[in-house]
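Those protein sequence lines, which keep their order, are chains Y and E.
Anchor point for the first sequence: position 416 equals 416 in my numbering, and the numbering is continuous, going up by one each time.
Just add 598 to the spot in the second sequence (first one is 1) and you have my numbering.
Below is one structure; the comments refer to it alone.
There are 2 protein chains.
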Amino acid sequence: MLATSTSVSPRRRELDFQLFDVLEIDKLLATPHFAEHDRATLDAILDAAYEIAGDYFAPLAAELDAFDYKLDNGNVATPARLKTAVRAFIDAGFMGASFLADDGGLQLPSTLSSAAGLVFAAANGSANSYAFLTVGAAHLLAAFGDDEQRERWMKPMIEGRYFGTMALSEAQAGSALAEVQTKAVPAADGTYRLSGNKMWISAAEHDLSENIVNLVLAKLPDAPPGVKGISLFIVPKFLVDADGTIGERNDVVVTGLNHKLGQRGVVNTVLTFGETGECVGYLVGKPHDGMRQMFHMMNEARISVGAGAASLSIAAYEYSLQYAKDRPQGRLPSDKNPLSPQVAIVEHPDVRRMLLEQKAIAEGGLALVLYCAHLVDIAAASTDDAERRNAELLVDVLTPVAKTWPSERGIVSTSLAIQVLGGYGYSPEYPVERHFRDQRLNPIHEGTTGIQGLDLLGRKVRLADGAGVTLLVAAMRADIAAARAHAALAEECDRLSEMTTLLPDVTKTLLQAQIELGPDRALTEATAYLDAFGTVVVAWRWLVMATRAAAAAADDFNSGKLAACRYFYRYELRQTKASLEHLAMLDDSIASVRTEML
Amino acid sequence: MLATSTSVSPRRRELDFQLFDVLEIDKLLATPHFAEHDRATLDAILDAAYEIAGDYFAPLAAELDAFDYKLDNGNVATPARLKTAVRAFIDAGFMGASFLADDGGLQLPSTLSSAAGLVFAAANGSANSYAFLTVGAAHLLAAFGDDEQRERWMKPMIEGRYFGTMALSEAQAGSALAEVQTKAVPAADGTYRLSGNKMWISAAEHDLSENIVNLVLAKLPDAPPGVKGISLFIVPKFLVDADGTIGERNDVVVTGLNHKLGQRGVVNTVLTFGETGECVGYLVGKPHDGMRQMFHMMNEARISVGAGAASLSIAAYEYSLQYAKDRPQGRLPSDKNPLSPQVAIVEHPDVRRMLLEQKAIAEGGLALVLYCAHLVDIAAASTDDAERRNAELLVDVLTPVAKTWPSERGIVSTSLAIQVLGGYGYSPEYPVERHFRDQRLNPIHEGTTGIQGLDLLGRKVRLADGAGVTLLVAAMRADIAAARAHAALAEECDRLSEMTTLLPDVTKTLLQAQIELGPDRALTEATAYLDAFGTVVVAWRWLVMATRAAAAAADDFNSGKLAACRYFYRYELRQTKASLEHLAMLDDSIASVRTEML
């Protein structure tokens, strides 16, 4: 360990507040599933995350972003300091944080491992991506791999010896997975031979691990058309003998590197299967079941994208806040004396406004993604069947929201961080332009915002006869009732109360429209619906935060929570109410436009 | 000329519509000031702009963005193709387009030279910057230089032999020009000796011209404190003899290059004066008059920033539109048959929504900046004194709006262009990520958005007892009356009509608050006021466009204008009305936040 840690985000008190005051995750420790842990363990794990993020991840962020990955005879070298950082992460057990003890993991609450992930992602999103992809791939095998696959491929990933990837996209099939053209043909020995290409695959070649386990979507010869014909395969870089010895190189080869606006510290590849030799793959689960399997993992991946987005926003917010406190420039409008000392820019009302908006978005986004992680824990650990089922349904409904809201608002938020720094914010000498570039990918990958809107309005709110929205509204009403104890929150309670009627009403109108007008017309504003839905949910999480803050000592931290909550309701939620009312009108301004008119 | 031109933005019919149908700039040709020109001349000049932009500017844009400027012993080399492009621009007379015939210019209407500038900026903003800076510097000398200075420095700039810069910012003084520390000491021969440093100076070193004329803000030894002590100096790279022969190298030296998120094709420098020798400068006008002079030019520069922003948005919009028409992917939600052919992504409602919003922002922004340029022409050419004065006042009021609205909304708009392209939009293989990066500077340089808000609400709307808003509202009312002839525009007329009452009312409330609560408190939401003001003005320009479209043949172009106008009113203006109503409440949610609470 180095002597001094770089300061990392979120501030520790913020994370403790969210985990222990708002979500009260210590209560999870009373369930059998998490009974091995106590509060001291959780604290120690967060301590370790802050230490490793500060010592190894944060200091490397600018270097990794600027690192020029090169393809050298199929190989890609990574910076030495990345290897050190990743090793520290693995040695502290973070790769296995969320896995069952039986699988070699720490069996920690997802809320806590997500919180640690936020710290790593805020410090260095690209470095964290290598881990995040590996964890996601291993989770998928935990859910769908057979015993042999779990032993041979998953365990070494949990141990950090093998890394993983998700290989979905092809050049002609980004959002449209139905069009996947990669083929898998059965071989005599029960394995498969793959051929084809994948595009935009992160981390499919590097020197950070002994092996790379690619999870690949491909079609069998007898596959039915469309997404129902997709199967999932394990396609390792190196074949592995029955005893775990690394064997021959498999013919899965990186044939090109993609360059990107941001998230440049994780190598992005074009992947080719079986072009010059045999590319061996192993079927996961049953044939033609790949989409269902991938979408099991996809919920997790999408919430993780939202978490990454929230972490970029909090990092940019806290950096720009510190900068604004340190940088003297200008005087207040009332001060006409050019000889008086300049003030720190945080004193300028417009800078303060930009910081408050960032706080509302960034801390609201954190609250949203941690709430979802907490639902995952309840779904896994609750001893009450109904509570478990409800939590599962809420996770399903909230996944597109948790993916999108922090990503889309995060563009606004990181852009404000640049604006606080002015010309310096536009310079790579400061980290906020990197946060802004990195953020721009989040509304695109793992399903674009448009796809998330269709998922929410076309599918998720219809599940179980619309029970998701009913559950959500019931949870909001319970929290409003609790918040009523605090007179200072009366305005917020009234406004969120309105939403508990308006949101279900608008939802019903839009679902009815899908029947009456057909889905093409009725889903025109699915993205606007998703955005409004997300703002209502985040407003609710802000009310819960404010309720805890109002009940606690009136210090600066708690006063700040109350102030940011008020700002969120008066500025963000006000606009959202108008948007929801507008949505219910089924305005045809967009739907009536023909291509030729654009 | 090359055989084929790359397609450039805006589409020619769009520009013709704005110039000749909406602004009717041919009417300017009836004034003595522009009597030398006829419509055929204007058309030919636009033809030339499209040809040069297509042949030389657009094909160079990606190369110039990626060009790695290096400082080599004080020199900076530029790509060969940039020299060719700039030469074509100069040879066609564009450097002198807006200058008086007496000064060697073409004496074209500013509306037309601005329109040509939009075409060049849309094709290659960085290449255009070299020209734009030179034109700005030459305009300043046209206004404030003495005869000898105009002859020696301005004329060669109009001829394209010398290039110019504006050197304002210093490392410790970005927005706060009162803190400028560069010094100028009088020499015995009537010239001055400069010492100090400037930061973020574009184009202060390159090999595109025989000489570089830096216009530098500095302080004389007897300068009063603050902005009232700033003087303006000509500081050439090379001294020039009385007969125009290039003489000795002056000691103004580039000592470093700054790197930036975008607008990377124009070299950005740290400039040092008199560190190793004598740095000769020539005072422009009177001592301590630099701020007034610079701000004369600043109106022009700020409107040009807005124009550059609008050009980036239109380029990104038109590119993403074409991409959406060409790229097949996915099927409509109603089509469950995986064997049916995929549709072009423009058919997806959410993609159409993103294109329509881009159109509303991009073409609205074009209309705003061209309207301002047209006011400049009226101020210069009208034979009616009152009309001239009114146009001047309107330009003053609208400058912060024209600078900011296209810049801030342009971030949204270019971000949507990326989203339309999905993963490809995030790749430097396609131009839209460059548009997005370039756009991010526009809310920062030439006065941040925060500064523009203070300028509008703290100063501009107070000029001449608030006559600016009164004039604006009167102009809107006249256009609403004309629009009433078209039943299809009734809704828009009603909504803008509301604004003609609401905007002045809110303005009055906020001005009164400056007296009652003091400027620090009352200016807290100056940025929100600026944004709302801008949206009302752009809504007005959309109504004027729609009125012309409604009066013309009902083809796709005109139907598109009506559709985008409706979208703008229902989505953008609706939110703005709510913002204005909120502003009038003088909400203290922001003002009451203390630094420690952030």
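Note that CB positions come from ideal geometry on N, CA and C, so glycine has one too.
Below 8 Å CB to CB, which residues in the same chain sit around P443 of chain Y once its five sequence neighbours on both sides are set aside? T404, S407, E408, I411 and T449
State yes or no: is the beta carbon of Q439 of chain Y nearer than 8 Å to at least one beta carbon in chain E? no
Between which residues of its own chain and S599 of chain Y is the CB-CB distance below 7 Å, once the five residues before and five after are set aside? Beyond the ends of chain Y as shown, which are 1 and 598, falls residue 599 of chain Y; an answer cannot be given.
Here's the rule: buried if 16 or more other CB atoms are within 10 angstroms of the residue's CB, otherwise exposed. What is I212 of chain Y? buried
Are the CB atoms of E525 of chain Y and I590 of chain Y within a distance shorter than 8 Å? yes
Would you call the CB atoms of N258 of chain Y and V395 of chain Y closer than 8 Å? no
Kindly give me the distance between the Cβ atoms of R900 of chain E and T997 of chain E, rounded to whole angstroms, as I take these residues to be in contact under 8 Å. 5 Å
CB-CB under 7 Å to T191 of chain Y, same chain, minus the five flanking residues each way: which ones, in chain order? V280, G281 and Y282
How would you call P224 of chain Y, buried or exposed, if buried means at least 16 neighbouring beta carbons within 10 angstroms? exposed
Can you confirm whether T269 of chain Y, when its beta carbon is compared against all beta carbons of chain E, has any partner nearer than 8 Å? no
In chain E, which residues lie less than 8 Å from I590 of chain Y when you measure between Cβ atoms? P947, R950, R951, L954 and Y1165
Under 7 Å between beta-carbons, which chain Y residues line up against Y1024 of chain E? List them in chain order, please. K260, L261, R440, L441 and I444
Is the beta carbon of V270 of chain Y less than 8 Å from the beta carbon of Y69 of chain Y? no
Mind listing the chain E neighbours of M597 of chain Y? Cutoff is C-beta to C-beta under 7 Å, in chain order. D1154, S1157, G1158 and A1161
C-alpha distance - R929 of chain E paired with P519 of chain Y, whole-angstrom precision: 12 Å
Coil, strand or helix - P1102 of chain E by DSSP: helix
Where does L215 of chain Y sit, in a helix, a strand or coil, going by DSSP? strand
Name the residues in the segment 442-467 of chain Y whose C-beta lies less than 8 Å from a C-beta of chain E; which are they? P443, I444, H445, T448, T449, G450, G453, L454 and G458
If you count every other CB in all the chains shown that lies within 10 Å of the CB of N1156 of chain E, and 16 or more means buried, which is it? buried
May I ask you to list, following chain order, the residues of the segment 972-988 of chain E that have a beta carbon less than 8 Å from some beta carbon of chain Y? none
Going by the DSSP bridge assignment, what does R249 of chain Y pair with across the sheet? Y:F238
Cβ-based burial, K198 of chain Y [other Cβ within 10 Å; buried from 16]: buried
Test: G306 of chain Y CB closer than 8 Å to a CB of chain A: Structure shown: chain A not included; protein chains present are Y and E.
Every unbroken alpha helix (DSSP H) within the segment 272-313 of chain Y, with a cutoff of 4 residues, ordered by chain: none
DSSP three-state assignment for A601 of chain E, whether helix, strand or coil: The pLDDT assigned to A601 of chain E is 37, lower than 50, so where the model puts this residue is not dependable; a value taken from the coordinates is nonetheless given after this. In this structure, A601 of chain E counts as coil in the three-state DSSP scheme.
Can a CB atom of chain E be found closer than 8 Å to the CB of H288 of chain Y? no
Closer than 6 Å by C-beta to R388 of chain Y: which residues in its own chain qualify, once you throw out the five before and the five after it? Chain order, please. A379 and S382
Roughly how many angstroms lie between the CA atoms of D494 of chain Y and L766 of chain E, to the nearest whole one? 51 Å
Under 7 Å by beta carbon: chain E residues contacting P333 of chain Y: L1052, G1056, P1117, D1118 and L1121
Under the rule that 16 or more other beta-carbon atoms within 10 Å means buried, what is E357 of chain Y, buried or exposed? buried
What are the residues of the segment 305-328 of chain Y that lie near chain E, defined by any Cβ-Cβ distance shorter than 8 Å? L321 and K325
Could you tell me if R12 of chain Y is buried or exposed, where buried requires 16 or more neighbouring beta carbons within 10 angstroms of its beta carbon? exposed
Whose C-beta lies closer than 6 Å to the C-beta of M1097 of chain E among residues of the same chain, with five residues either side of it excluded? V1134
Chain-ordered chain E contacts of V593 of chain Y [CB-CB under 7 Å]: R950, L954 and A1161
Tell me where the alpha helix (DSSP H) around K957 of chain E begins and ends. P947 to A979
Note down, one range per segment and in chain order, each alpha helix (DSSP H) of at least 4 residues found wholly within the segment 137-198 of chain Y. 155-158
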